[in-house]
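Chemist: This is the structure, below, for whatever I ask next.
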Amino acid sequence: MFLSVFDVFKIGIGPSSSHTMGPMSAANRFLELILSKEWPRPAGAAVAGLKVSLHGSLAFTGIGHGTGRAVVLGLMGEEPQNVDPDRMDEIIDGVERTGQVSPPGHPAYLFQPKTDLIFDRKQPLPGHANGMSFSALDRDGRLLLKRVYYSIGGGFVVTDTELEAMRGAKATAPDARVPYPFSTAKAMLDMARSSGLTIAQMKRANEETKMSPVELDEGLDRIWDAMANCIDRGLKVDGIMPGGLKVKRRARAIHDKLNEEWRSNRLNPLLANDWLSVYAMAVNEENAGGGRVVTAPTNGAAGVIPATIRYYLHFHEDASREDIHNFLLTAAAIGGIIKHNASISGAEVGCQGEVGSAAAMAAAGLAAVMDGSPEQIENAAEIALEHHLGMTCDPVAGLVQVPCIERNALGAVKAVTAASLAIKGDGTHFVPLDACIETMRQTGNDMSEKYKETSTGGLAVNVVEC
Numbered sequence: 001m002f003l004s005v006f007d008v009f010k011i012g013i014g015p016s017s018s019h020t021m022g023p024m025s026a027a028n029r030f031l032e033l034i035l036s037k038e039w040p041r042p043a044g045a046a047v048a049g050l051k052v053s054l055h056g057s058l059a060f061t062g063i064g065h066g067t068g069r070a071v072v073l074g075l076m077g078e079e080p081q082n083v084d085p086d087r088m089d090e091i092i093d094g095v096e097r098t099g100q101v102s103p104p105g106h107p108a109y110l111f112q113p114k115t116d117l118i119f120d121r122k123q124p125l126p127g128h129a130n131g132m133s134f135s136a137l138d139r140d141g142r143l144l145l146k147r148v149y150y151s152i153g154g155g156f157v158v159t160d161t162e163l164e165a166m167r168g169a170k171a172t173a174p175d176a177r178v179p180y181p182f183s184t185a186k187a188m189l190d191m192a193r194s195s196g197l198t199i200a201q202m203k204r205a206n207e208e209t210k211m212s213p214v215e216l217d218e219g220l221d222r223i224w225d226a227m228a229n230c231i232d233r234g235l236k237v238d239g240i241m242p243g244g245l246k247v248k249r250r251a252r253a254i255h256d257k258l259n260e261e262w263r264s265n266r267l268n269p270l271l272a273n274d275w276l277s278v279y280a281m282a283v284n285e286e287n288a289g290g291g292r293v294v295t296a297p298t299n300g301a302a303g304v305i306p307a308t309i310r311y312y313l314h315f316h317e318d319a320s321r322e323d324i325h326n327f328l329l330t331a332a333a334i335g336g337i338i339k340h341n342a343s344i345s346g347a348e349v350g351c352q353g354e355v356g357s358a359a360a361m362a363a364a365g366l367a368a369v370m371d372g373s374p375e376q377i378e379n380a381a382e383i384a385l386e387h388h389l390g391m392t393c394d395p396v397a398g399l400v401q402v403p404c405i406e407r408n409a410l411g412a413v414k415a416v417t418a419a420s421l422a423i424k425g426d427g428t429h430f431v432p433l434d435a436c437i438e439t440m441r442q443t444g445n446d447m448s449e450k451y452k453e454t455s456t457g458g459l460a461v462n463v464v465e466c
């Protein structure tokens, strides 16, 4: 099992990796398929129009998550990592006005979002809660091509066939293409003991089978720069976030107060938690506003890891660029194990799979840069994940705002606490990380669908104003 650090951490736009970035990428894939020779095109037939239907969680919370907008942008050839947030409204307005999409390299296709983009809440697709169907039609409305895609969390998109193959691969032999093919925490610790390497060093060795050391370091720098820029933007902007809940941005005002306290040397027993929280909230306010963020491992949980890294840089004067690289590599190793054996999708297992996974990854990364042993790092990840078990995903009005923004702040606090507890121990502990991950998977399977990003239960229906 090999999942690159650049699969775990992807640069894109808010508010959701599964509901925004995933559908946009699925639209990109469908456009590529239309031009390819991978489907039996009838003689003389030409694609004239497109239709899209969204199912499951994408249908229930797609409006609040901007899923329809993402599909339209994707059908215009826009990609999550490159789309200009300042031009999105203009692009969508043009499609609604003309009733067609015109992606680069394609003829114009008929597509009217009001009628050709369907939010189907009645018929879920069998593979995953985040399912979508793309269809290409000829001039007379006859179906030429249809593909089903699933957005499985963190911006990952697969076809139904690919999803089946992925699930089958979990029982196959380890990936022999990398030197350290760990797919469980136990295998990771065994390989660390036998090799004498850290988790970050093993992850680096795996990555360097795909790219040069320079390319890897430059890529890690891009990821951290994008995270840091997101924090900085979030600390400078105030006002009301979009969507109708009239939730105020708070990160800038809190940050200004913290800076004032910092300059005056006033005693604040909550100082560390305050800085952690404001960094996480800055990221997730940016995400809620549709800004550029990094999946870590998802958009809904994008604030935990950047906040923990910025906290480390803030309070540790000897922190280095290499520390940031090791943090990200270690976090990605833990994230890959969680994704392989359970899920990082809120629509599949609830928020335990999003903020819970992010907290585990952040705790592991922080323990690593605090010179923790592999056993202490695994312990830190387990502590953080264990205390998110059972957490539901119930965004109010389908928006990634309440409780998501504050939940990231608390996830960062838990991550730092978990790392601190683990570093003070010797790495031995009662519950293995693998058992905790399996418990998360089972809990997610047992969880009612109304608590899995459908906004049909929990806070989403108990807040009177909504």
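Each residue of the sequence shown is one higher than the one before, starting from 1 at the first, in UniProt numbering. A virtual CB, placed ideally from N, CA and C, is assigned to each residue, including glycine.
Just the C-alpha distance for C466 and G56, rounded to the nearest angstrom, thanks.
Modeler: Caution applies to C466, whose pLDDT of 43 falls short of 50 and renders its modelled position unreliable; the model cannot decide the point.
Chemist: Does the Cβ of E260 have 16 or more other Cβ atoms within 10 Å, making it buried, or fewer, making it exposed?
Modeler: Around the beta carbon of E260, fewer than 16 other beta carbons lie within 10 angstroms, which makes this residue exposed.
Chemist: Going by DSSP, name the residue or residues bridged to V293.
Modeler: G12
Chemist: Determine the burial state of P374: buried for a count of at least 16 other Cβ atoms within 10 Å of its Cβ, exposed for fewer.
Modeler: buried
Chemist: Indicate the three-state DSSP secondary structure (helix, strand or coil) for A272 in the structure shown.
Modeler: helix
Chemist: Starting from G99, trace the beta strand (DSSP E) both ways and give me its first and last residue.
Modeler: Annotation for G99: no beta strand (DSSP E) segment contains it, and DSSP assigns it neither H nor E.
Chemist: Return yes when at least one heavy atom of the ligand ATP lies under 7 Å from the C-beta of A136, else no.
Modeler: With respect to small molecules bound, the structure shown includes none, and the ligand ATP cannot be examined in it.
Chemist: For D140, count neighbouring C-beta atoms within 10 Å of its own C-beta (all shown protein chains included) and say buried if the count is 16 or more, exposed if not.
Modeler: exposed
Chemist: Rounded to the nearest angstrom, what separates A368 and V178 at their Cα positions?
Modeler: 22 Å
Chemist: Just to confirm the assignment, what range does the alpha helix (DSSP H) spanning D120 have?
Modeler: Counting along the chain, D120 falls outside any alpha helix (DSSP H), though it belongs to the beta strand (DSSP E) covering 117 to 120.
Chemist: What is the rounded straight-line gap between the Cα of R204 and the Cα of G350?
Modeler: 31 Å
Chemist: What does the alpha-carbon distance come out to for the pair R29 and A422?
Modeler: 43 Å
Chemist: Helix, strand or coil for R233, going by three-state DSSP, please let me know.
Modeler: helix
Chemist: Which residue marks the beginning of the alpha helix (DSSP H) containing V158, and which one marks its end?
Modeler: V158 -> not in any alpha helix (DSSP H); beta strand (DSSP E) instead, spanning 157 to 159.
Chemist: Could you tell me if L385 is buried or exposed, where buried requires 16 or more neighbouring beta carbons within 10 angstroms of its beta carbon?
Modeler: buried
Chemist: Go ahead and label G346 buried or exposed: buried means 16 or more other beta carbons lie within 10 angstroms of its beta carbon, across all protein chains shown.
Modeler: buried
Chemist: Excluding the 5 residues preceding and the 5 following E164 in the sequence, name in chain order all residues of the same chain whose CB lies nearer than 8 Å to its CB.
Modeler: G127
Chemist: For the region 48 to 64 against the region 116 to 124, are there 3 or more C-beta pairs whose distance is under 8 Å?
Modeler: Under the 8 Å Cβ criterion, the region 48 to 64 counts as touching the region 116 to 124, having at least three qualifying pairs.
Chemist: Taking the C-alpha atoms as reference points, what is the distance between S455 and D426?
Modeler: 42 Å
Chemist: So S151 is in the beta strand (DSSP E); what residue range does that whole segment cover?
Modeler: Unbroken beta strand (DSSP E) run through S151: 143 to 151.
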